[in-house]
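So the protein sequences, as listed, match chains P and D.
403 is the number that our numbering gives to position 403 of the first sequence; each next residue is one higher, with no gaps.
898 is the number that our numbering gives to position 469 of the second sequence; each next residue is one higher, with no gaps.
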Amino acid sequence: MKRFSIVSAVVALGAMVVTALPAQAAEPGLTSKEIKLGISTPLTGAAALSYGKIPGAMKAYFDHINANGGVYGRKIKLVVRDDKYLPTLAATQTTNLVLKDGVFALVAALGTATHSKAYAAASLATKKVPDLFVNTGFSGFGNRTKYPTTFTVLPSYAMEAKIISKFVKDKFPGQAVALVAQDDEFGVDGVNGFAAGSLTLASKTLYPQSSMTDARAKALVTGLSAIPGKPVVILFGTTDVTALIFKAAESLSLTNKFTWIAGSVGGDSNTLLALGVKPTTIDGVVAASFFPDAKDTTDEYVAEFAKINAKYNPGVSFDNIVLQGMNSAMLTVQALRAAGKNLTRAGLIKSIENKGSKFASAALVPLNYSATSHIGYNGYWMGQLNSKGELKPYGGTLSVVTTDSTTGPITPSTFKRLSIPKNGIPTNS
Amino acid sequence: MKNIKSHKALAALVVTALVTTMAVAIPSAANATTTCAKASFKSSGKSVSYQKCTGTDWQGAKYEIRMPSKFNGMMYLYSHGIRGNHNMPKVPVIRPNGYVVDMAPEVAPGRTAADQETIARALLKQGYAVAGSGVSTQGWSVPEAVNANLQLIVEARSQFPNIEKVVSWGDSLGGHISQSLSEKYDVIDAVANLHMAGSADSQYTYANDFLWMFKTFFDPTIKGNGYSAGSAGYMEYMGDISKVLTAFGTIQAAIAADPLAPKWPASSTVPAALQAIPVRSAVLLIGLLAGVPVQSMTYDASSGPAGPLETSFGLAISPALGVFENAFTALALALIGNYDAEVRCGGTIFDNTATDYAARLGDNGDVYAAGLSGKTATAGMLAYLNKLNPAAPRVKGTPAALNCIKNEQANYTGAITIPTITISQTADQVTPAGFIQKFKELYASNVEAGTAKPGNLLNIWNKPPDTYTKFDSAGKPITPALPTTGTSHFMYTNSDLLIIAKMLASAGKTGKLPSVATAKAAFKKNPNIFIDPDYKPELMFADR
Numbered sequence: 001m002k003r004f005s006i007v008s009a010v011v012a013l014g015a016m017v018v019t020a021l022p023a024q025a026a027e028p029g030l031t032s033k034e035i036k037l038g039i040s041t042p043l044t045g046a047a048a049l050s051y052g053k054i055p056g057a058m059k060a061y062f063d064h065i066n067a068n069g070g071v072y073g074r075k076i077k078l079v080v081r082d083d084k085y086l087p088t089l090a091a092t093q094t095t096n097l098v099l100k101d102g103v104f105a106l107v108a109a110l111g112t113a114t115h116s117k118a119y120a121a122a123s124l125a126t127k128k129v130p131d132l133f134v135n136t137g138f139s140g141f142g143n144r145t146k147y148p149t150t151f152t153v154l155p156s157y158a159m160e161a162k163i164i165s166k167f168v169k170d171k172f173p174g175q176a177v178a179l180v181a182q183d184d185e186f187g188v189d190g191v192n193g194f195a196a197g198s199l200t201l202a203s204k205t206l207y208p209q210s211s212m213t214d215a216r217a218k219a220l221v222t223g224l225s226a227i228p229g230k231p232v233v234i235l236f237g238t239t240d241v242t243a244l245i246f247k248a249a250e251s252l253s254l255t256n257k258f259t260w261i262a263g264s265v266g267g268d269s270n271t272l273l274a275l276g277v278k279p280t281t282i283d284g285v286v287a288a289s290f291f292p293d294a295k296d297t298t299d300e301y302v303a304e305f306a307k308i309n310a311k312y313n314p315g316v317s318f319d320n321i322v323l324q325g326m327n328s329a330m331l332t333v334q335a336l337r338a339a340g341k342n343l344t345r346a347g348l349i350k351s352i353e354n355k356g357s358k359f360a361s362a363a364l365v366p367l368n369y370s371a372t373s374h375i376g377y378n379g380y381w382m383g384q385l386n387s388k389g390e391l392k393p394y395g396g397t398l399s400v401v402t403t404d405s406t407t408g409p410i411t412p413s414t415f416k417r418l419s420i421p422k423n424g425i426p427t428n429s
Numbered sequence: 430m431k432n433i434k435s436h437k438a439l440a441a442l443v444v445t446a447l448v449t450t451m452a453v454a455i456p457s458a459a460n461a462t463t464t465c466a467k468a469s470f471k472s473s474g475k476s477v478s479y480q481k482c483t484g485t486d487w488q489g490a491k492y493e494i495r496m497p498s499k500f501n502g503m504m505y506l507y508s509h510g511i512r513g514n515h516n517m518p519k520v521p522v523i524r525p526n527g528y529v530v531d532m533a534p535e536v537a538p539g540r541t542a543a544d545q546e547t548i549a550r551a552l553l554k555q556g557y558a559v560a561g562s563g564v565s566t567q568g569w570s571v572p573e574a575v576n577a578n579l580q581l582i583v584e585a586r587s588q589f590p591n592i593e594k595v596v597s598w599g600d601s602l603g604g605h606i607s608q609s610l611s612e613k614y615d616v617i618d619a620v621a622n623l624h625m626a627g628s629a630d631s632q633y634t635y636a637n638d639f640l641w642m643f644k645t646f647f648d649p650t651i652k653g654n655g656y657s658a659g660s661a662g663y664m665e666y667m668g669d670i671s672k673v674l675t676a677f678g679t680i681q682a683a684i685a686a687d688p689l690a691p692k693w694p695a696s697s698t699v700p701a702a703l704q705a706i707p708v709r710s711a712v713l714l715i716g717l718l719a720g721v722p723v724q725s726m727t728y729d730a731s732s733g734p735a736g737p738l739e740t741s742f743g744l745a746i747s748p749a750l751g752v753f754e755n756a757f758t759a760l761a762l763a764l765i766g767n768y769d770a771e772v773r774c775g776g777t778i779f780d781n782t783a784t785d786y787a788a789r790l791g792d793n794g795d796v797y798a799a800g801l802s803g804k805t806a807t808a809g810m811l812a813y814l815n816k817l818n819p820a821a822p823r824v825k826g827t828p829a830a831l832n833c834i835k836n837e838q839a840n841y842t843g844a845i846t847i848p849t850i851t852i853s854q855t856a857d858q859v860t861p862a863g864f865i866q867k868f869k870e871l872y873a874s875n876v877e878a879g880t881a882k883p884g885n886l887l888n889i890w891n892k893p894p895d896t897y898t899k900f901d902s903a904g905k906p907i908t909p910a911l912p913t914t915g916t917s918h919f920m921y922t923n924s925d926l927l928i929i930a931k932m933l934a935s936a937g938k939t940g941k942l943p944s945v946a947t948a949k950a951a952f953k954k955n956p957n958i959f960i961d962p963d964y965k966p967e968l969m970f971a972d973r
């Protein structure tokens, strides 16, 4: 009888232990020692020149965190798959991350066409896979019915277009404005934003992605040069097209004919220089940003991230893309911490909804996460590139503004950025 | 089921079936006439002997039964895929050797006749019987095939009373037949459907949507539907084949000459503004609007030749070429199938007078914006397809024929009561993956309604490799000798078929499906097979 009691007690204790185990035991990609995350992004192909550094930057930051105890003792493992910025391959690779690699969550996927296809193909909604900090400004990802697990990080293209519209009207009154935009959801989001910003366009050119060539760029620039005066030309496309147009203007000796404004997607100075654009051409180009400039080493985030990059990502120069990758990695770590020790996919999503707007971040604009919004940043500042590729506040004074993706006003930001956590290691909960 | 112990119930079913069929068909023979002969083959040095029985049922369907001498009590019943129901002279590409309607039975699946024999012998060696019916008519012959299979089971049991279990499998339309049989009659113990066809309405809508848009863009003189009666209709049908082949070949040559900006065929009458759009974008658009997969045997919708075109080829050109390669089959199915179906149902079986093609594009307009040459070009092409455009007249179906194709083809309903396995390609252009999604939804509805048992459906998927397009040194894509796995309407390997056969036998014996883990383990050597209950391919448009 006594023995029976002991056995019963052991069984009962065992049952209690089993009951007490957190639900995480059944969560894919999660063990007591590791959190497996996945990223589908271009490592090769045309877009890799700009964005290929993102996974390396994120991995470097995670290595830094892992070397300092991980997240509640769990090390972060980042599985990287190359999608070449192609929708069908992105769908394949995202499915592979979920089914073959068994990741707990996806992070920092890149692109609109790519990720919208991948999201459906990999059944991310059905599987409730957290889809964190997607690098796109497409406002459609804000549809929480369609993308319930997605959190975007960039301000929407519509916000950017509205802010540029106001900037142009304020700074260049009377100058004709020409818009050159990609003829897809990215460009159309922008076109709608320019319309919402009541910007009058003297010319609007929409071109399909991948269709711009040297000859077409020259024809475009030649056509725009017929606009009297010094027109403002807004380039709302990818960096490779911005480079083609700049080089066309160089060959036609028309760079100074225009006031150039490059949208955030197509205005990365390092990539433009790497693609052969002359430093003198980018000198003076107006661009929008929500980050500090990666060359501004007086910025505490830039300084800390650069230090981490030097240690864990050797041989890779620190630039705006690396900054963006590290920042997304730091947001990820804060989200994981905020979800607590008993980590679950559902808990991770809730943690961002409930606490994401308070995460420390390098950006100079606020994060917008809440139970009703999965859109990240919501503002920009306008700057001007110099010949070294540094983006300096336009007119010498930093002016950050915020807005929404529809018809809301553009207002000066009162946002005060949080200091970077000590040694870049979040301690939030 | 429940091997047929309840002979009375079966007899009642058979009588019902016979009476039903008698009412609509004239029997070609009063009774089945079965002739058996001994046969054998060598396997691993051992002789496997069996009886080969052939005959013709009262409807005129030829059948074959092979019964091993060491029989284990289970018979595999196989249903072949669709065959043309009308003879055809030699037609390049489609029927280079001509075609005479084939009525022969097949007893096992396989890529070739030799593979079919390999599968049949592998099963015989294990002690299973195999059987199949040629069916009394071809084309979309589900009602006739279901009855022929029922007759075959009765005849097999009559000849071999020791048959305890019958499992059913079928390929393509044969999968549909197999499924319908298992739902309609309680004579099957487990079923496996290989790239199973959708409903007649959905299959023909798919093919006809593509054909209508193809003719509207590229050659409006193609008739496509509403063929005349008799030999005049046959001549119209043959004329259409010639026109489609000409337009198809012209587009193919244009793409080969200039993949970036291929020209439209001279037979097109669309305005010059639309013809300024690369014709590949028009092909991609109509493929997306019909539901044609963008991945084909050659094109993975991602890879490009090394060099400056690498990304843009994968992004903007490859998906269109994938659709184009796949579309040929859709066109052939539409032409051959339509003619057969119109004769069968007595009128035009397709009606797109109310179809809003523009609304179908959805997210694909964003995902494939580059391939479609941008939103502006897409809007222009969609406007041309609009029902208000007099240059793009819609097809008006014949009410009785529409009813025939929608409601009189013995479609499966998803009322599954026995273990049921499907295996399908994710990029199948003949029976696209969406048909299986519809089947899953039908099953779920039946479970909810209490007319199907839960846990009785296992969906297995075969996907293409991550990337697979190969290019020669000049950057030209290389068409593989064999279709790429996961694409095309290509039969599975013998190895995969035998795994399915093993699962089917187990399910037939136990009345239970293998677990997902067991099924995954069975296919662990094939990296392209996956089982994911959450995988949800897009429904075909007629099924939405």
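All C-beta atoms, glycine included, are put in the ideal place defined by N, C-alpha and C.
Secondary structure note for ILE261(P): its beta strand (DSSP E) is the uninterrupted segment 259-262.
Here DSSP, grouped into helix, strand and coil, assigns PRO412(P) to strand. Around the beta carbon of THR679(D), a 10 Å sphere encloses 16 or more other beta carbons of the protein chains shown; the residue is thus reported as buried. Within chain D, GLY803, LYS804, THR805 have C-beta atoms less than 8 Å from the C-beta of LEU206(P), given in sequence order. DSSP, reduced to helix, strand and coil, places LYS358(P) within a helical segment of the structure shown. In this structure VAL522(D) is exposed. Its beta-carbon is surrounded by fewer than 16 other beta-carbon atoms within 10 angstroms.
Taking a beta-carbon distance threshold of 9 Å, GLN724(D) counts as an interface residue toward chain P. In this structure, the beta-carbon distance from GLY266(P) to PHE291(P) does not fall below 9 Å. Between SER508(D) and GLY603(D), the CB-CB gap stays under 9 Å. Under the Cβ criterion (8 Å, minimum of three pairs), the segment 249-256 of chain P does not count as touching the segment 149-163 of chain P. In the DSSP annotation of this structure, the continuous segment of the beta strand (DSSP E) that includes GLN384(P) starts and ends at 379-385.
Excluding sequence positions up to five before and after GLY174(P), its CB lies less than 7 Å from no other CB in the same chain. Rounded to the nearest whole angstrom, the CA to CA distance from ALA799(D) to GLN209(P) is 5 Å.
For PRO231(P), there is no enclosing beta strand (DSSP E), since its DSSP letter is neither H nor E.
For ASP895(D), the chain P residues whose Cβ falls inside 8 Å of its Cβ are LEU89, THR92, GLN93, ASN96, in order along the chain.
One alpha carbon belongs to GLY527(D), the other to PRO828(D), and they sit about 33 Å apart. What VAL188(P) touches in chain D, judged by beta-carbon distance under 8 Å, is LYS804, going in chain order. Around the CB of ASP729(D), 16 or more other CB atoms lie within 10 Å, so the residue is classed as buried. Within the segment 122-142 of chain P, contact with chain D at the beta-carbon level (separation under 7 Å) is assigned to SER123, THR126, LYS127. In its chain, beyond the 5 residues on either side, ARG709, VAL712, LEU713, GLY800 have a beta carbon closer than 6 Å to the beta carbon of ALA749(D).
Taking the beta carbon of LEU99(P) as reference, the chain D residues within 8 Å of it are PHE959, ASP961, listed in sequence order. With contacts defined by Cβ atoms closer than 9 Å, GLY716(D) and ASN755(D) form a contacting pair. In the structure shown, GLY678(D) falls within a helical segment according to DSSP collapsed to helix, strand and coil. One finds nothing in chain D with a Cβ atom closer than 8 Å to the Cβ of ASP214(P); even the nearest lies about 11 Å away.
In the structure shown, VAL620(D) adopts extended strand secondary structure according to DSSP, grouped into three states. Short of 7 Å from the beta carbon of LYS467(D), and not among the five residues preceding or following it, lie these beta carbons of its own chain, in chain order: SER478, GLN480. The C-beta of THR740(D) comes closer than 9 Å to at least one C-beta of chain P. About 31 Å separates the Cβ atoms of LYS307(P) and GLY276(P), ruling out a contact at the 8 Å cut-off.
If you compare the alpha carbons of ILE420(P), GLY69(P), ALA26(P), LEU97(P) with that of ASN327(P), the shortest gap goes to ILE420(P).
Judged by beta-carbon spacing, ALA360(P) lies within the 9 Å limit of MET330(P), meaning their Cβ atoms are closer than that value. If you look at ASP638(D), you'll find it in the alpha helix (DSSP H) that goes 629-647. The residues LEU179, in chain order, have a CB closer than 6 Å to that of LYS204(P) in the same chain once the five nearest residues on each side in sequence are set aside.
Neighbours of TYR964(D) in chain P, taken as residues whose beta carbon is under 8 Å from its own, are SER123 in chain order.
For the pair VAL241(P) and TRP260(P), the CB atoms are not nearer than the 9 Å cut-off.
At the C-beta level, LYS867(D) and LEU968(D) come within 9 Å of one another. By the criterion of at least three beta-carbon pairs nearer than 8 Å, the segment 761-770 of chain D is in contact with the segment 552-572 of chain D.
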